[in-house]
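Colleague:
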Amino acid sequence: VLHIHAAVAEVQLKELTALIDRKTGETTREYPKLLKQNQIATARFELLQRGQTICIELFEHFPRLGRFALLDEDRIVVVGKVLQIVE
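Position one of the sequence shown corresponds to residue 726 (this note's numbering), numbered consecutively onward.
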């Protein structure tokens, strides 16, 4: 479940697009199959409910609307920033 500002929406992970080196910020692996704790990656998510919209912004333009958390059974499993919006 995606939590972003006051919005809550069910999402599905479509793909992990890149694994990012924490120190250099460079891509170390394209399309990794999994992430380990404390790793950084870019990923693509999709809203599960058709026709649902949520208000988000790129983190660099509006940080309050560009931060999110993914929860699984009330446990935070991912925190992140919105880097790109695909319509």
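We put the CB at the ideal spot given by N, CA and C, even for glycine.
On a CA-only basis, which of GLY805, PHE770, ARG800 is nearest GLU785? Give me that one, please.
Modeller: The shortest Cα separation from GLU785 among GLY805, PHE770, ARG800 belongs to GLY805.
Colleague: For LEU837, is the classification buried or exposed, using 16 other Cβ atoms within 10 angstroms of its Cβ as the cut-off for buried?
Modeller: Because residue 837 is not part of the residues shown, which for the chain are 726 to 812, the question remains open.
Colleague: Looking at the structure shown, is LEU783 part of a helix, part of a strand, or coil, going by DSSP?
Modeller: If DSSP states are grouped into helix, strand and coil, LEU783 belongs with coil.
Colleague: Taking the continuous beta strand (DSSP E) assigned at ILE810, which residues delimit it?
Modeller: Premise fails: ILE810 is in no beta strand (DSSP E) and is neither H nor E.
Colleague: Does ILE810 pass the burial test, meaning 16 or more other C-beta atoms within 10 Å, or should it be called exposed?
Modeller: The residue is exposed, with fewer than 16 neighbouring Cβ atoms inside 10 Å.
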